[in-house]
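Shown next, in structure tokens, is the structure this report addresses.
Listed below in structure tokens is the structure:
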């Protein structure tokens with residue numbers, strides 16, 4: 093087999109060797125029939141690369157990918173927390189905002205994250221079909237207000253390179269589509285997928301942006317660094333959408349280290365998300381004030397490049413809003429008092445009145 097072909101197929105081999113059953117998981121879980129019910133409802137997949145990042149039970153990697161009975165014993169949460177189905181004119185495409193759509197093009201992920209807001213669908217046959225993709229492209233073609241298309245899933249980068257090329261080509265041929273974005277966790281969970289061939293192919297479709305997803309400094313490895321470097325070298329801007337997760341990264345120190353390391357691998361911190369209110373994920377939820385405290389703790393102690401927007405995606409389909417720490421106290425004359433990161437209070441005069 094030629095060396096180039098071996099490199100291209102390595103990621104597929106890793107994916108095929110993923111742990112999907114409790115028997116194959118090299119960690120002790122209590123014998124409990126509820127786990128089988130859990131995996132039937134919410135499938136497990138952990139590829140060998142990501143499994144290799146796990147140090148011990150309940151560490152930040154373990155918590156993100158190993159099933160927990162809380163997923164089925166805690167009744168809190170919503171099946172479709174963002175009301176994607178209610179804003180889907182056709183299956184697999186959500187049109188919440190006037191000028192952009194979310195287009196599901198894959199049902200598979202390299203790792204099935206236990207906190208996923210789409211865990212009701214991911215890993216299930218029929219979520220994405222050839223017909224749903226054709227209908228999605230037709231919908232975009234017929235709606236000229238759509239200038240921005242976000243490919244999601246599942247993970248779009250688990251599509252074969254040829255298939256992904258065909259999809260991107262069809263979208264890029266639509267005159268009113270200005271921007272294509274790809275939401276993917278592959279640079280973090282299966283960086284071997286980011287081959288030179290894939291990076292070159294993606295570079296044919298500028299302006300193209302990639303939103304990736306790292307949650308903990310342990311995920312920034314030499315392999316992830318290489319993957320992100322290949323994408324950046326192809327001229328693709330990279331942003332990170334981190335999710336705030338209880339017991340994984342809900343501290344200023346961890347988030348600060350993560351954001352600083354992301355910049356070192358040429359990934360710009362973009363969003364720090366409050367965890368969505370998805371059913372089966374309540375054990376990951378943090379108070380909203382915790383996110384605000386973390387953002388406040390970053391300000392002044394690291395560069396602005398390292399500080400993401402703290403965002404909440406409103407349940408019921410209200411969309412994203414960004415929240416800021418409460419630092420401003422308005423005065424009657426239009427001036428305000430503001431507290432700095434050192435706790436000092438400064439007065440800013442009224443302007444433009």
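In the numbering used here, the protein residues as written are 93 to 445. Note that beta-carbon positions come from the ideal geometry of N, C-alpha and C, so glycine has one too.
Original post:
Quick one: what does DSSP say residue 437 is sitting in, helix, strand or coil?
Top reply: In the structure shown, residue 437 adopts extended strand secondary structure according to DSSP, grouped into three states.
Original post:
Quick one: what does DSSP say residue 224 is sitting in, helix, strand or coil?
Top reply: In the structure shown, residue 224 sits in a helix (DSSP, three-state: H, G or I).
**OP:** Just tell me which of 137, 142 and 135 has its CA closest to the CA of residue 315.
**Re:** Residue 315 has its Cα closest to that of 142, out of 137, 142 and 135.
Subject >> Local Cβ density within 10 Å of residue 168, reported as buried at 16 or more and exposed below that >> reply: Of the residues assessed, residue 168 falls on the exposed side of the cut-off, its CB having fewer than 16 other CB atoms within 10 angstroms.
Subject >> Which of helix, strand or coil DSSP assigns to residue 201 >> reply: Coil, per DSSP.
Subject >> residue 391 - partner residues in DSSP beta bridges >> reply: According to DSSP, which records beta bridges pairwise, residue 391 is partnered with 394.
**OP:** Round the Cβ separation of residue 394 and residue 431 to the nearest angstrom and send it over; I've been treating them as touching at under 8 Å.
**Re:** Residue 431 and residue 394 do not touch by the CB rule: their CB atoms are close to 18 Å apart, not below 8 Å.
Original post:
Taking the C-alpha atoms as reference points, what is the distance between residue 192 and residue 144?
Top reply: Taking the CA atoms as reference points, residue 192 sits about 37 Å from residue 144.
Original post:
Three or more C-beta pairs closer than 8 Å, one from the segment 234 to 244 and one from the segment 268 to 282: is that the case here?
Top reply: These segments touch.
Original post:
Distance, Cα to Cα, residue 330 vs residue 305?
Top reply: Cα to Cα, the separation comes out at about 10 Å.
**OP:** Using the DSSP secondary-structure output, state which residues sit across from residue 366 in a beta bridge.
**Re:** Under DSSP, the beta-bridge partners assigned to residue 366 are 336.
**OP:** Kindly indicate the opening and closing residues of the beta strand (DSSP E) around residue 189.
**Re:** Here the beta strand (DSSP E) through residue 189 covers 185 to 189.
**OP:** Just the C-alpha distance for residue 434 and residue 181, rounded to the nearest angstrom, thanks.
**Re:** Each residue's Cα considered, the two are about 50 Å apart.
Original post:
Measuring CB to CB, does residue 344 end up less than 8 Å from residue 374?
Top reply: Not a contact, by the Cβ cut-off of 8 Å.
Subject >> Burial state of residue 186, where buried means 16 or more other Cβ atoms lie within 10 Å >> reply: By the Cβ-count criterion, residue 186 is buried, with 16 or more other Cβ atoms from all chains shown falling within 10 Å of its own Cβ.
Original post:
What is the DSSP secondary structure of residue 381, counted as helix, strand or coil?
Top reply: Residue 381 falls in the helix class under three-state DSSP.
**OP:** Could you pull out every unbroken beta strand (DSSP E) segment of at least 3 residues lying fully inside the segment 256 to 335, listed in chain order?
**Re:** List check, beta strand (DSSP E) in window: 271 to 275 and 300 to 304.
Subject >> Cβ-Cβ separation, residue 291 to residue 322 (assumed contact under 8 Å), whole Å >> reply: The Cβ separation is near 4 Å, so the contact holds.
**OP:** Report the rounded CA-to-CA distance for residue 195 versus residue 426, giving the unit in angstroms.
**Re:** Using only the alpha carbons, I get a separation of about 45 Å.
**OP:** Compute the distance between the beta-carbons of residue 364 and residue 415, then report whether it is under 8 Å.
**Re:** For the pair residue 364 and residue 415, the CB atoms are not nearer than the 8 Å cut-off.
**OP:** Decide if residue 372 is buried, meaning its Cβ has at least 16 other Cβ atoms within 10 Å, or exposed.
**Re:** Buried, by the Cβ-count rule.
**OP:** May I ask you to list the residues that DSSP assigns as paired with residue 376?
**Re:** Paired residues: none, contrary to the question.
Original post:
Mapping DSSP to helix, strand and coil, what is residue 360?
Top reply: Note: residue 360 maps to strand in three-state DSSP.
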